[in-house]
Ligand SMILES: [Zn+2]
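Numbering (the working numbering), first residue to last: 1475 to 2085.
Right under this line is the structure:
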């Protein structure tokens, strides 16, 4: 097992329960005797169910009176809301999907509210760190990571004598007639030892870097343009005009977002695209770009050919077909014929010239159909296995295909989802500040090359301020009205692109981090006095980039950036990446901090390197 981690799967068991009341299945249990003063750091992925706190990390106390349970999986906020609702009221509420004509399906929550820090059940990525004090008074830490994408509950149960960590599958979404083999159950990778949260985060970083597909370490994150700035209002003419501007800007991958397809589920281009998907691919390839294509691979529109021909392939949950993103149904990828249809469609798209597959919506459905090839009680476990099969087969057949995880906002996040994708998105709002915060949250765990940033048009922001977070890490994905950009905007974009290209890296140990700032505290991660920032960890030679957005509140404020200084280097060069001007600085001067130009609300990009 890599980097000191051990994979633990206990012999699964279900504690006694009445025949008409299924119980949870405990799959992992660890005891840490003597651990006390326990806290857990929880990474909340972005989801439209909790849209104002994507990729935030909370540090929460775990006490005998306040056990904590981290809820991971595709529907984690909705599931945690149900469990908190039950925790408060003592009922047994099934997991379900909302209904109604006005429901567009991107929200899954049926009861309760998105978890608050005081509550037991917290939506979470499939990993966490725990810090505590042991019986001898030493600092100890634990890192855990799940290797499946099913809904899993990770309990942290403190008592007067220690800490129990257990993983269980909730009765709502896992109640098979017979327990499957342990290799089809979630396992927990664990490492513990002396240290604190930061030590455990470093352990996780090593594990996750070893998990990303090897392709990710061979090429830096690309520059991408995506048509979502137009929503689904696209056609062949608009796509062609968009490709022209993208090619002129030096974009490397151009992705056609939702709206190219005739029906979700069938995956044929609309009639107006000459030559179908192969024709769209030729438009991109002829301009020197790779083609990306959006799909909701696990979905089927009610009026699609596949839903009409095979209504029995749709996922059924609590007696009905679920209505999910953009009012589409889900196909059950746990049902072999439906899974094979999805695989055949995606394989055809790749053979038609798709180089970058961007998948969205719901590929892990909940299904309790009695008529499918899976155990109706296996629910998500079958769908998860089916989805892994589709992704792994595509990879096997198409060595150069890149796969982006946009799962309705970037969920779920666990070792298997990392292993099956080349990048994941950080923010579905397509906004600058949300992307900065997502880069900081994900940057604690993942390489800087692995967190896609969607950039919509935000004309209310000074352009360089908007661009600041996008210059750090990648992939950087333009989603605006490129053909409508002014000449001056295009000129600034070209400069921004040059900065991004200069600094992007495939190094798996490079990551986004908050720059150290001095100035009046601002209360937002990586910020001070109206200035927000994002930095890259230093290169091996000590060179490093930091970008800043000065808001109106930051104008005239005194804010200094304190770079990470390599030992034994006394002479440095400070470069303004936008203007190209350089200045020499001594170590002492950099230790005192580089005074940021806050004369106007704008964006800054500064670097330092040994002279
Ligand atoms: Zn099914």
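Glycine included, every Cβ here is placed at the ideal spot set by N, Cα and C.
query	result
Taking residue 2084 as part of the beta strand (DSSP E), name the residues at either end of that continuous run.	2077-2084
Give me the pocket residues for ligand 3, defined as CB within less than 6 Å of any heavy atom, sorted by chain position.	The ligand content of the structure shown is limited to ligand 1, which means ligand 3 is not among them.
Measuring only the C-alpha atoms, how far is residue 1654 from residue 2048?	59 Å
Leaving out five residues before and five after residue 1746 in sequence, what residues of the same chain have Cβ atoms less than 6 Å from its Cβ?	1709 and 1710
Could you give the residue range of the alpha helix (DSSP H) that holds residue 1961?	1961-1977
Rounded to whole angstroms, what's the CA-CA distance from residue 1945 to residue 1970? Just pull it up for me.	7 Å
How many whole angstroms separate the CB atoms of residue 1603 and residue 1615, which I take to be in contact at a CB cut-off of 8 Å?	6 Å
Determine, using beta-carbon pairs with one atom in the segment 1889-1907 and one in the segment 1664-1680, whether at least three such pairs fall under 8 Å.	no
My guess is that residue 1701 and residue 1713 are in contact by the Cβ rule of under 8 Å, so how many angstroms apart are they, rounded?	6 Å
Does the segment 2078-2085 come close enough to the segment 2045-2061 that 3 or more CB-CB pairs lie under 8 Å?	yes
Who pairs with residue 2068 in a beta bridge, going by DSSP?	2035
On a Cα-Cα basis, can you pick out the residue from 1659, 1507 and 1553 that is closest to residue 1523?	1553
When DSSP labels each residue in this structure, what does residue 1425 get in the three-state scheme?	Residue 1425 lies beyond the range of the chain shown here (1475 to 2085); nothing can be said about it.
Measuring CA to CA, which of 1854, 1509, 1751 and 2037 is closest to residue 1764?	1751
From what residue to what residue does the beta strand (DSSP E) around residue 1819 run?	Per DSSP, residue 1819 belongs to no beta strand (DSSP E); it is in the alpha helix (DSSP H), 1810-1825.
In the DSSP assignment, the alpha helix (DSSP H) including residue 1859 goes from what residue to what residue?	1854-1871
Using a Cβ-Cβ cutoff of less than 7 Å, which residues in the same chain neighbour residue 1800 once the five nearest sequence positions on both sides are dropped?	1578 and 1579
Looking at the structure shown, is residue 1934 part of a helix, part of a strand, or coil, going by DSSP?	coil
Give me the Cα-Cα distance between residue 1626 and residue 1870, rounded to the nearest whole angstrom.	28 Å
In terms of alpha-carbon separation, which member of 1565, 1544 and 1949 lies closest to residue 1533?	1544
Per DSSP, residue 2147 is paired with what?	The first residue shown for the chain is 1475 and the last is 2085, placing residue 2147 beyond what the model contains.
Which residue from 1866, 1570 and 2006 puts its Cα closest to that of residue 1909?	2006
Which ranges would you report for the beta strand (DSSP E) in the segment 1527-1604 if only whole runs of at least 3 residues count?	1530-1536, 1542-1546 and 1595-1597
Whole angstroms is fine: what's the gap from residue 1820's alpha carbon to residue 1686's?	22 Å
Smallest Cα separation from residue 1589: which of 1546, 1644 and 1699?	1546
Out of curiosity, what's the CA-to-CA distance linking residue 1845 and residue 1885?	28 Å
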